[in-house]
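K.L.:
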Amino acid sequence: MFVAESIRTARACGASGLLVVRADSAFYGADVVNACRALNAHFSVTVRMNASIKAEIAGIDETAWRPIKYPKAIWDEEGQCWISDAEIAETTYTAFTSKPKKYQVTARLIVRRVKRLNPRDRARSSTPGATTQPSPTPRSR
Numbered sequence: 071m072f073v074a075e076s077i078r079t080a081r082a083c084g085a086s087g088l089l090v091v092r093a094d095s096a097f098y099g100a101d102v103v104n105a106c107r108a109l110n111a112h113f114s115v116t117v118r119m120n121a122s123i124k125a126e127i128a129g130i131d132e133t134a135w136r137p138i139k140y141p142k143a144i145w146d147e148e149g150q151c152w153i154s155d156a157e158i159a160e161t162t163y164t165a166f167t168s169k170p171k172k173y174q175v176t177a178r179l180i181v182r183r184v185k186r187l188n189p190r191d192r193a194r195s196s197t198p199g200a201t202t203q204p205s206p207t208p209r210s211r
């Protein structure tokens with residue numbers, strides 16, 4: 071498997087510190103995530119949107135969302151907040167639940183949502199518009 075091979079190669083070449091595997095949704099799968107865990111590498115993988123991901127995101131309390139302070143964001147004195155097009159929140163998600171328990175992975179799910187520019191979609195503005203990434207931390211490993 072490519073990811074396991076890459077981690078082993080990095081270690082064989084002398085990498086002794088923290089290794090982080092970053093992958094897009096094409097690599098989202100139990101084999102990739104479990105290879106990272108088995109070989110003591112942290113990971114950040116973009117998750118494919120599916121019903122269970124949507125349900126988990128829908129359960130994030132509105133007060134948990136924080137605006138992202140982009141370099142060109144505008145501070146609104148009246149509202150005492152940053153005006154930007156995105157927000158971020160975090161929850162926990164168990165992936166690969168259709169697999170045997172030993173292949174299931176519970177990790178952080180970091181969600182970025184963007185403001186919808188299409189007026190038809192504004193009612194759904196809490197729907198995530200971009201990246202969702204499960205990523206282990208020392209406290210969740």
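My numbering numbers the first residue of the sequence shown as 71 and each following residue consecutively.
Every residue gets a Cβ at the ideal spot worked out from N, C-alpha and C, and that includes glycine.
Keep in mind the model is a prediction, meaning the values are calculated, not measured.
Is DSSP giving A165 helix, strand or coil here?
P.N.:
Taking the sequence shown and counting its residues from 1, the one referred to as residue 165 is at position 95. Three-state DSSP puts A165 in a strand.
K.L.:
Give the single residue among F166, A80 and L89 whose Cα lies nearest to the Cα of E118.
P.N.:
Locating residue 118 in the sequence shown gives position 48, counting from the first residue. The sequence shown places Arg at residue 118, rather than the Glu named in the question. The option with the nearest alpha carbon to R118 is F166.
K.L.:
Measure how close the beta-carbons of R136 and A159 come, nearest whole angstrom, since I'm counting them as under 8 Å.
P.N.:
By 1-based counting over the sequence shown, the position of residue 136 is 66. By 1-based counting over the sequence shown, the position of residue 159 is 89. About 7 Å separates the two Cβ atoms, so the contact holds.
K.L.:
Around the Cβ of R183, are there at least 16 other Cβ atoms within 10 angstroms (buried) or fewer (exposed)?
P.N.:
Residue 183 sits at position 113 when you count from the first residue of the sequence shown. Looking at its Cβ environment, which holds 16 or more other Cβ atoms inside 10 Å, R183 is buried.
K.L.:
Of all the beta strand (DSSP E) runs that stay within the bounds of the stretch 123 to 178, which reach a length of 3 or more residues?
P.N.:
Within the stretch 123 to 178, the complete beta strand (DSSP E) runs of at least 3 residues are 144 to 146, 151 to 153 and 156 to 165.
K.L.:
Using 8 Å as the Cβ pair cut-off and three pairs as the minimum, do the stretch 137 to 146 and the stretch 101 to 111 touch?
P.N.:
They do not touch, by the three-pair rule.
K.L.:
Report the three-state DSSP secondary structure of A82 (helix, strand or coil).
P.N.:
Reading the sequence shown from its first residue, position 12 is the one you call residue 82. Looking at A82 - three-state DSSP - the assignment turns out to be helix.
K.L.:
From S210 to S86, what distance separates their C-alpha atoms?
P.N.:
Translated into the one-based positions of the sequence shown, residue 210 becomes position 140. Translated into the one-based positions of the sequence shown, residue 86 becomes position 16. Only weak support is given to the placement of S210: the predicted model assigns it a pLDDT of 40, under 50, and the value that follows is read from those uncertain coordinates. Their backbone Cα atoms lie some 21 Å apart in a straight line.
K.L.:
Just to confirm, is the Cβ distance from A100 to K171 under 8 Å?
P.N.:
Here residue 100 is taken as the residue at index 30 of the sequence shown, counted from 1. Here residue 171 is taken as the residue at index 101 of the sequence shown, counted from 1. Not closer than 8 Å, so no.
K.L.:
Relative to the C-alpha of A125, which residue among I138, S154, F97 and T164 is closest?
P.N.:
Here residue 125 refers to the residue found at position 55 of the sequence shown. Of I138, S154, F97 and T164, the residue nearest in Cα terms is T164.
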